[in-house]
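Chains as they are written, first to last, in our numbering: chain A, 1 to 552; chain B, 1001 to 1552.
Everything below concerns the one structure shown next.
Number of protein chains: 2
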Amino acid sequence: MQTLSYSSQPPSPNTPSTPHQQSRNSIRLLSGILAVNILLLGSALVCGAAFSKVKVLSDEEIHIYLTILLILTTAWMIFYMVHTASRTQAVLYKDSHAGPIWLRGGLVLFGMASLIMDVFKTGYSTGKLNCESPVKVTFPLVQLVFVVVQTYFLWVHSKDCVQKQSNITGCGLMLTLATNLMLWMSAVTDESLHQTREEASKPNGSFDHLRDGSISGCECTHGACEIFEKGFYYLYPFNIEYSLFASAMTYVMWKNIGREIDDCSPHKISFRTKGVVFGVIVGLLVVIAGLGVFVVYEVEVTGDASKERVLIMYYTFCIVGLSLMSLASLAGSVIYRFDKRTVVSTKNPTRSLDVALLLGAALGQFLISYFSIVAIVAEKATRTVSMLNLTCSCLIILQLCLQNLFIIEGLHKQPYHAEPPVVSVVFINEGTSRSNPYSPSLKNDNDEPSPVENSLERSSHSHDFSSTTHSSSSRMSWKRRALKEISGFLLLCNVIFWIIPAFGARPQFENGLEEWVYGFSMWVAIVNIGLPFGIFYRMHSVASLFEVYLTS
Amino acid sequence: MQTLSYSSQPPSPNTPSTPHQQSRNSIRLLSGILAVNILLLGSALVCGAAFSKVKVLSDEEIHIYLTILLILTTAWMIFYMVHTASRTQAVLYKDSHAGPIWLRGGLVLFGMASLIMDVFKTGYSTGKLNCESPVKVTFPLVQLVFVVVQTYFLWVHSKDCVQKQSNITGCGLMLTLATNLMLWMSAVTDESLHQTREEASKPNGSFDHLRDGSISGCECTHGACEIFEKGFYYLYPFNIEYSLFASAMTYVMWKNIGREIDDCSPHKISFRTKGVVFGVIVGLLVVIAGLGVFVVYEVEVTGDASKERVLIMYYTFCIVGLSLMSLASLAGSVIYRFDKRTVVSTKNPTRSLDVALLLGAALGQFLISYFSIVAIVAEKATRTVSMLNLTCSCLIILQLCLQNLFIIEGLHKQPYHAEPPVVSVVFINEGTSRSNPYSPSLKNDNDEPSPVENSLERSSHSHDFSSTTHSSSSRMSWKRRALKEISGFLLLCNVIFWIIPAFGARPQFENGLEEWVYGFSMWVAIVNIGLPFGIFYRMHSVASLFEVYLTS
């Protein structure tokens, strides 16, 4: 209702920037309040159902709530797509930085896994239809439609900077964001409760009050139930990741509402691997070793006898890999100290959002690591596995901090290989060139000083500068080469540190110490919240490192 | 270590804005990472001690950690004060919007309560020194010094925009913020556990596992122990509030690092109550009624027989008060639709921060209300008290949304009573005056159109516009008068809705329904997290409404 009273005055393109800014702010305010209300109501439902002992609330209420949200969001997305398709003027600007290919690719990948999960869930729920609520069958079917529509929507429209009807769009995007976060919250809770129940069903489990819970009373009518259940619980992490990806993309779209972008074309930078050997080879060695460790881990971790040995192997690999990565990041940061390239000064909301997502996603790993450290130190554990786990957790924190600093600094540097902008090139002497912080001196890019240096005069209109370089020069300076080696190496290492948790390795639960200190259900919740962010972080840093590699 | 490598290149004042901006960003990044690490380590300690069943971690570790943080923060604050006192050039700019008097006043008020709490805590702990760790005596003493130093520090320096040595200052401020948030977290946990234990010691309590906890083994050596314990638990909420206030002020200081402010003088607006009668009278009636309800509540709520009656009275008062406030806010927002005053377009970080704090603090009340609503609806409770509680919770959400919209819109409007800026005043005809969105037409300020209208030509340099008005005019327009009535009324209502929870009314626990649905410990945690934010919100909105009153 409030939104309608606001939308009666759509921002006309002729008004100056003040009312425009004001209208953007009021859209943000209203849609933000909407999202907060949806999320808090949802949190109350989820908490009530998950932690309440008296079972006043059941899964049914949450599923009804989620189904309503999914239907509303799907309807809005279809409305938006039809609306923008029918009017050519609907989207005037596109943000070329938003929705990069890795994000969209990841969305499709995890979206497909979510679809399979929904099919499995539907199959499982139909088998229990005689004793459970029909909502449990409706929900995965609606979610299936939602995933298809949303993946298509974000694939096509994630770069849109909406100008018209931005009130409705703002609220619609916030609805989408809230729905995705609700799906994430409910999936994390489901997964955690499921794991706690599984732990309880073990012979030595101490969760007797959970064993005679909601499951035992209801028998499945067809034989495939158990396979379906195993399947969809295996696919849960992918669905959690899907929600995070969709949330990130929706948030970027929402931030881009009403934004008018001047520079639509990204710098075209060619991808060349020539001359970069050492970093890639070491990186590939780490990847191969990691794959070997992963396979051995997955095969042998189930046996009680071999568990300790496998964990020692796993932690040793992590320690070696993380140490190398930390050293590489540190070296990269040191090289940046001597790197005289100008810093991109243009205000770029997508870039700052990128950095914020990188830093925010790292919190997930931080959370798990700090809880591990405190548990091991408090317990004064002296087993080899615990000491290795402690070292590994400390190294993760160090590595993430150093890598974040390296990536963020790299992203803000002007690319070496930019196309020369069309501005007047003047010849000035070396002294002037150095004293002017805006004129990138070529002296730093090459080993020998060139007798005449090209420098760009600062144009008063364009703040977006690019260094010129001898594009034809066959040799790179040692600094550029080192930066390329480092970013290539880090990229490959991040790939393997993404693969291992993404495909199911959970040493956090095999270790046994933390769950003893914090209690199983709390530790499960921490890992289930932290790990998906950690996986997201690795993917995001791979993409960012690729960009750093290209611009170095 | 990372900070040192960064601080080797302090931002020199001669460099242009690009490196300046870059240095600001790198300071934010580094100090942010520092704060996140402190907070996550602290969270792990607090969670481990509070929720762990095996008691590997005890209060002692947290107290040692907090003591170290307090000593470091105190040392840094003293260093900062000595440093700025010794150099006249240390702080060149002051942000006049930062650290307003209500925030500093509240800080001193809650700081004094915290001091008394620390004295009580020390007294209590010395009595148990024979059987408990000496850390428990050291901690309140260190905290006492910290509170004194920090209150003085924030009182004197909260408006500083630090330019020099901003690396150390950034990290120091983030350390202060993290310490305050850690104190808040530990106080909320302590308070929640204490309440849970109290509930457990009741005859019908179901928390037997907590009864033989850490307390029973240790006897106090002097007689005043019980009084001290009662005293400091009564003062806990004030200490929680103190941490929130200090956090908010530190955060504003941190955001102001490196900021260069042009406009140092706030608009001088005189405070006049002339002509504003109706709103103030109704507001005062609500305040008096509220005080009456509060006194009766506090006296009679302990008796089982009178509890139901008292709660009905309390909820009825809330419903009436909140309905009136919602209607007033709605009317105010409607009046703004017809209000043609220009919007302040200058980018003002403190103002946006103000708005963010207002919206963020409202989340606390939202949280409690949504959990109440879900509990009552799920339980399908039909008791009068529950229905009243449901209505009240819904009204709180509605009222907060409407009031936030009203306040935020009001804060962004140009004041009516601004001093006329020194720009050329030209006479233009009415038509031009209306078509130019920057020239505020006086037609809207007065009931009769004046034959000649003064209008300000837009100056290209100053974006900060003010409407001129007949300062001597004896009558206000009906719109201004209505806005003043509304903001005056809302101000008084917010005062009473601040007093009731701030001085100890907790109907959330008397009601009994929510704690039954969510479990006592979870409900206690929700209320203890949400309520201090709610109290902070009411104080903040009183201050903001006062500003809206002045500028209307």
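Cβ atoms here follow ideal geometry from the backbone N, Cα and C, with glycine treated the same way.
Here the structure is a predicted model, which means the values were calculated and not measured.
Within the continuous alpha helix (DSSP H) that includes residue i, where are the two ends?
{"i": "A/Ala-200", "result": "166-201"}
{"i": "A/Ala-289", "result": "278-300"}
{"i": "A/Pro-532", "result": "520-551"}
{"i": "B/Pro-1507", "result": "1507-1510"}
{"i": "A/His-63", "result": "59-86"}
{"i": "A/Leu-235", "result": "225-255"}
Tell me which residues share the same chain as residue i and place their Cβ nearer than 6 Å to its Cβ, disregarding the 5 neighbours each side in the sequence.
{"i": "A/Val-149", "result": "Thr-74 and Met-77"}
{"i": "A/Lys-159", "result": "Lys-94, Asp-95, Ala-98 and Gly-99"}
{"i": "A/Arg-538", "result": "Asn-494, Phe-497 and Trp-498"}
{"i": "A/Ser-462", "result": "Model confidence at A/Ser-462 stands at a pLDDT of 37, short of 50, so the residue's coordinates are unreliable; what they give is reported in the following sentence. Result list for A/Ser-462: empty, nothing under 6 Å."}
{"i": "B/Glu-1229", "result": "Tyr-1124"}
{"i": "B/Ile-1408", "result": "Val-1355"}
Answer with yes or no whether the minimum CB distance from residue i to chain C is below 9 Å.
{"i": "B/His-1412", "result": "Absent from the structure: chain C. Protein chains present are A and B."}
Does residue i come out as helix, strand or coil in the three-state DSSP assignment?
{"i": "B/Asp-1118", "result": "helix"}
{"i": "B/Val-1343", "result": "strand"}
{"i": "B/Asp-1354", "result": "helix"}
{"i": "A/Cys-161", "result": "strand"}
{"i": "B/Lys-1094", "result": "strand"}
{"i": "B/Lys-1380", "result": "coil"}
{"i": "B/Lys-1136", "result": "helix"}
{"i": "B/Lys-1484", "result": "helix"}
{"i": "B/Lys-1307", "result": "helix"}
{"i": "A/Lys-413", "result": "strand"}
{"i": "B/Glu-1457", "result": "Residue placement at B/Glu-1457 is flagged as unreliable, the pLDDT there being 36, under the threshold of 50; the coordinate-derived value follows with that caveat. B/Glu-1457: coil per DSSP, three-state reduction."}
{"i": "A/Val-334", "result": "helix"}
{"i": "B/Asn-1130", "result": "coil"}
{"i": "A/Val-54", "result": "coil"}
Which term fits residue i, buried or exposed, when burial requires 16 or more other beta carbons within 10 angstroms of its beta carbon?
{"i": "B/Met-1522", "result": "buried"}
{"i": "B/Asp-1304", "result": "exposed"}
{"i": "A/Asn-579", "result": "In the structure as shown, chain A starts at 1 and stops at 552, and residue 579 of chain A therefore has no counterpart that could be examined."}
{"i": "B/Asn-1404", "result": "buried"}
{"i": "A/Ser-265", "result": "Per-residue confidence for A/Ser-265 stands at a pLDDT of 49, beneath the threshold of 50, marking its modelled position as unreliable; the derived number appears in the next sentence. Counting Cβ neighbours within 10 Å, A/Ser-265 comes out exposed, since fewer than 16 surround it."}
{"i": "B/Cys-1161", "result": "buried"}
{"i": "A/Ser-352", "result": "exposed"}
{"i": "A/Ile-500", "result": "buried"}
{"i": "A/Ser-333", "result": "buried"}
{"i": "B/Arg-1087", "result": "exposed"}
{"i": "A/Leu-291", "result": "exposed"}
{"i": "B/Glu-1219", "result": "exposed"}
{"i": "B/Arg-1480", "result": "buried"}
Would you mind working out which of the options sits nearest residue i, comparing C-alpha positions?
{"i": "B/Leu-1330", "options": "B/Gly-1519, B/Gln-1163 and B/Ala-1482", "result": "B/Ala-1482"}
{"i": "A/Cys-318", "options": "A/Val-377, A/Arg-28 and A/Cys-394", "result": "A/Cys-394"}
{"i": "A/Glu-260", "options": "A/Val-277, A/Val-310 and A/Lys-164", "result": "A/Lys-164"}
{"i": "B/Ile-1227", "options": "B/Ile-1064, B/Val-1119, B/Gln-1414 and B/Ala-1502", "result": "B/Val-1119"}
{"i": "A/Val-145", "options": "A/Cys-401, A/Leu-357, A/Thr-67 and A/Thr-551", "result": "A/Thr-67"}
{"i": "A/Tyr-65", "options": "A/Val-46, A/Leu-411 and A/Val-54", "result": "A/Val-46"}
{"i": "A/Ala-375", "options": "A/Gln-365, A/Ser-386 and A/Phe-366", "result": "A/Ser-386"}
{"i": "B/Tyr-1518", "options": "A/Met-117, A/Trp-184, A/Lys-55 and A/Ser-26", "result": "A/Lys-55"}
{"i": "B/Leu-1181", "options": "B/Lys-1136, B/Ala-1289 and B/Leu-1070", "result": "B/Leu-1070"}
{"i": "A/Ala-378", "options": "B/Leu-1057, B/Asn-1025 and B/Leu-1041", "result": "B/Leu-1057"}
{"i": "A/Lys-136", "options": "A/Ser-166, A/Glu-61 and A/Thr-179", "result": "A/Glu-61"}
{"i": "A/Phe-366", "options": "A/Ile-526, A/Glu-515 and A/Ile-101", "result": "A/Ile-526"}
{"i": "A/Cys-401", "options": "B/Val-1276, B/Ala-1035 and B/Pro-1134", "result": "B/Ala-1035"}
Excluding the five sequence neighbours on either side, which residues of its own chain have a C-beta within less than 7 Å of the C-beta of residue i, listed in chain order?
{"i": "B/Lys-1121", "result": "Pro-1140 and Phe-1232"}
{"i": "A/Phe-546", "result": "Leu-491"}
{"i": "A/Ala-50", "result": "Thr-189 and Leu-193"}
In chain order, what residues of the same chain have a beta carbon less than 8 Å from the beta carbon of residue i, not counting five sequence neighbours either side?
{"i": "A/Leu-284", "result": "Leu-492"}
{"i": "A/Leu-107", "result": "Thr-151, Leu-154, Trp-155, Tyr-242, Phe-245, Ala-246 and Met-249"}
{"i": "A/Lys-307", "result": "Glu-300, Val-301 and Glu-510"}
Got a sec: does the ligand ZN put a non-hydrogen atom nearer than 8 Å to the Cβ of residue i?
{"i": "A/Gly-99", "result": "This structure lacks the ligand ZN; in fact it carries no ligand of any kind."}
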